[in-house]
Amino acid sequence: MNKTPAKIQPAAGRLGVLLPGMGAVTSTFIAGVELMKKGQGRPVGSLTQLQTIRLGKRYEGRNPLIRDFVPLAKPEDLVFGGWDLFADNVYEAALKAGVLTPEQLAPVKRELEAIVPMPAVFDQDYVKNLHATHAKEGTRWELAQQVMEDIEGWQKKNRCDRVVMVWCGSTEVSTEPTAVHGSLEAFEEALKDDSKEIPPSMIYAYAAIKLGIPYANGAPNLSADVPALVELAEQTRTPIAGKDFKTGQTMMKTVIGPALKTRMLGLNGWYSTNILGNRDGEVLDDPGSFRSKEKTKTSVLDTILEAQLYPDLYSKFAHKVRIDYYPPRGDAKEGWDNIDIFGWLGMPMQIKINFLCRDSILAAPLVLDLALFLDLAKRSGLSGIQEWLSFYFKAPQCRPDLKPEHDLFTQHLKLKNTLRLLMGEETLDHSGLDYYDPRRGAVPAAPPPKPAKAKAKKPVAAAR
Ligand SMILES: NC(=O)c1ccc[n+]([C@@H]2O[C@H](COP(=O)([O-])OP(=O)(O)OC[C@H]3O[C@@H](n4cnc5c(N)ncnc54)[C@H](O)[C@@H]3O)[C@@H](O)[C@H]2O)c1
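Add 2 to a position in the sequence shown, counting from 1, and you land on the number used in my numbering.
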């Protein structure tokens with residue numbers, strides 16, 4: 003058991019959070035942190051702000067807040083910037099997104115207005131339903147250099163000691179890795195050749211990782227999930243994580259799926275449908291972008307249920323995922339799941355879930371946690387794919403020879419155990435025979451009984 007804490011650089015100074023894509027999620031996230039800075043917002047949904055971590059045995063009673071246990075940057079030290087296809091400042095973007103009301107935004111209007119996106123790297127073929135009015139020009143190689151200049155200039159201007167990047171841009175059309183993504187050398191050649199096979203999100207990822215800036219991808223497109231960028235991350239000792247924030251329906255799927263398997267209940271089918279009316283919904287109305295989302299949304303059950311081990315229970319289930327763009331709903335997404343299961347003697351049963359959620363309200367705390375944990379990873383000397391952050395993603399990036407872990411609670415245990423390891427504490431596996439055997443010495447001896455107060459002895463006769 004590792005009991006030596008990692009050498010972690012202190013979280014001193016200002017942490018820049020750069021966000022390619024400044025729409026609903028980004029504006030909701032920034033507004034929330036700016037409200038927190040003024041003591042007016044509650045960071046509900048954020049582990050780094052609200053959750054405790056148990057250390058040692060239960061009877062030790064050591065349960066510090068995560069933020070008191072590991073050295074994280076403080077919300078008041080965060081500074082925000084980013085890029086977008088539209089020149090709207092973050093206040094205007096928040097109004098358009100319609101997640102928070104003008105009344106909710108009023109206390110931080112000035113701070114949000116001051117954040118203006120830098121011109122984006124964009125290729126219409128990768129996001130068909132949006133038309134940029136605020137984009138850079140140049141070959142892909144030139145664009146990558148421009149993004150690096152943006153980052154360095156922004157960091158200097160905003161006096162940031164460190165920077166992290168979280169992709170909150172639109173979902174790009176689905177693509178498969180090809181030879182140009184196979185090695186760093188091939189990738190850089192392809193940038194110079196202005197190869198169409200490199201989408202904009204990969205250019206931001208390349209620029210960040212090249213500068214040693216941790217990068218997380220909140221959308222389903224490949225972005226940093228290709229061998230070339232993993233190689234670059236290892237070379238520049240940069241933490242990376244992705245893909246696709248796990249917020250609503252898929253979070254529920256990765257809770258219910260493991261529950262069914264744990265109880266050995268069978269599955270005949272899982273039908274999931276959603277309506278949403280925000281800009282993300284408009285982008286996903288394009289079949290190419292939807293295909294990216296469909297892949298990450300459907301991949302989770304296969305690895306959770308392990309049909310190869312339980313063919314009778316899980317080899318034949320139908321799995322369907324739909325997303326319909328329905329403008330009246332805005333960001334207030336509604337998801338339905340119909341789950342056809344079977345039990346003892348094969349008897350069929352059904353589960354129905356109707357999740358009336360708010361997409362960006364669920365995503366914003368994930369952006370905060372990812373920014374803070376990526377920065378912690380970097381200061382702790384961790385680099386490459388950060389599997390311990392799988393908890394936050396629908397399609398966790400992992401080593402190519404491994405299967406991703408999808409079970410929400412296994413992911414959660416892995417995240418907290420990583421924090422324990424970093425701080426030189428025992429990891430937790432919820433076992434321990436010592437709980438049942440005092441001779442093993444781990445259970446503290448019961449305190450000696452207090453001497454009973456001497457009672458006046460009643461005469462036998464009176465007691466009768
Ligand atoms: N909200 C959730 O619960 C959730 C969950 C999982 C994933 N996501 C993903 O997060 C991303 C953001 O979601 P959102 O609701 O904020 O969407 P949004 O449409 O409101 O914002 C995305 C922004 O990205 C910008 N953009 C697109 N391409 C860009 C580029 N190349 N460079 C810079 N900016 C670019 C768009 O102009 C837009 O303003 C989407 O990809 C979405 O699929 C969201």
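For every residue, glycine included, the Cβ atom is placed at its ideal position computed from N, Cα and C.
Cα-Cα separation between residue i and residue j, rounded to whole angstroms
i                 : j              : result
proline 109       : leucine 97     : 14 Å
phenylalanine 357 : threonine 275  : 11 Å
methionine 150    : glycine 84     : 12 Å
isoleucine 200    : glycine 434    : 50 Å
alanine 116       : arginine 401   : 40 Å
leucine 303       : lysine 159     : 46 Å
alanine 334       : alanine 221    : 19 Å
serine 385        : glycine 214    : 10 Å
lysine 40         : asparagine 219 : 29 Å
histidine 183     : glutamate 105  : 46 Å
alanine 456       : tyrosine 437   : Summary for alanine 456: the model assigns pLDDT 48, below 50, so the residue's position carries little reliability; its value from the coordinates is reported in the next sentence. Rounded to whole angstroms, alanine 456 to tyrosine 437 spans 35 Å at the Cα level.
aspartate 125     : glycine 426    : 46 Å
valine 232        : isoleucine 205 : 14 Å
alanine 464       : arginine 60    : Residue placement at alanine 464 is flagged as unreliable, the pLDDT there being 36, under the threshold of 50; a coordinate-derived value is accordingly withheld.
glutamate 284     : leucine 315    : 37 Å
leucine 80        : serine 29      : 14 Å
isoleucine 228    : glutamate 296  : A small correction: the amino acid at residue 228 is valine; isoleucine does not occupy that position in the sequence shown. About 19 Å.
Residue of the options minimising C-alpha distance to residue i
i             : options                          : result
alanine 188   : Trp143, Lys138 and Asp163        : Trp143
threonine 256 : Thr28, Leu410, Val182 and Glu78  : Leu410
alanine 134   : Gln148, Phe88 and Asn160         : Phe88
leucine 404   : Leu80, Asp163, Leu417 and Glu389 : Glu389
glycine 140   : Asp196, Ile153 and Leu107        : Asp196
lysine 212    : Lys5, Leu234 and Asp227          : Leu234
leucine 417   : Gly155, Val232, Leu49 and Leu311 : Leu49
leucine 549   : Leu20, Lys5 and Thr6             : Residue coverage of the chain in this structure runs from 3 to 466, which leaves residue 549 outside it and unanswerable.
leucine 107   : Ala33, Leu132 and Phe82          : Ala33
glycine 332   : Gln148, Lys111 and Ile277        : Ile277
Residues of its chain near residue i, where Cβ-Cβ distance is below 8 Å and the 5 sequence neighbours each way are ignored
i              : result
isoleucine 343 : Leu262, Leu267, Gly268, Leu269, Asn270, Pro350, Met351, Gln352 and Ile353
arginine 293   : Val175 and Ser176
arginine 482   : Examination of residue 482 is not possible in this model, given that the chain is present from 3 through 466 alone.
Close-in-space but distant-in-sequence residues of the same chain around residue i (CB under 6 Å, 5 per side omitted)
i              : result
alanine 210    : Met167 and Tyr217
methionine 120 : Trp85 and Asp152
glycine 15     : Asp163
alanine 207    : Tyr217, Ser225, Ala226 and Leu231
Cut-off 7 Å between Cβ atoms - residues of its own chain near residue i, not counting five sequence neighbours on either side
i              : result
serine 301     : Ala397
methionine 253 : Leu410
Counting pairs of beta carbons, one from the region 271–290 and one from the region 412–429, are three or more of them closer than 8 Å?
no
Please confirm if the region 371–381 is in contact with the region 231–243, defined as three or more CB-CB distances below 8 Å between the two stretches.
yes
Count the C-beta pairs between the region 382–397 and the region 14–34 that are closer than 8 Å, then say yes if the count reaches three, no if not.
no
So does the region 360–367 actually touch the region 245–260, counting three or more Cβ pairs closer than 8 Å?
yes
Along the chain, which unbroken stretches of the beta strand (DSSP E) at least 3 residues long are found entirely within the region 306–345?
320–327 and 336–344
Are the region 71–85 and the region 10–19 in contact at 8 Å, needing three or more beta carbon pairs?
yes
Enumerate, from N- to C-terminal direction, the unbroken beta strand (DSSP E) stretches of 3 or more residues contained entirely within the region 262–307.
268–278
As an exercise, report each continuous alpha helix (DSSP H) stretch of at least 4 residues that is fully enclosed by the region 98–138, in chain order.
104–107 and 111–115
Taking only runs that begin and end inside the region 28–69, name each unbroken alpha helix (DSSP H) of 4 or more residues, in chain order.
49–52
Report the residue ranges of all beta strand (DSSP E) runs contained in full by the region 373–397; include only those spanning at least 3 residues, in chain order.
none
What are the start and end residues of each continuous alpha helix (DSSP H) run of 4 or more residues lying completely inside the region 400–431, in chain order?
410–424
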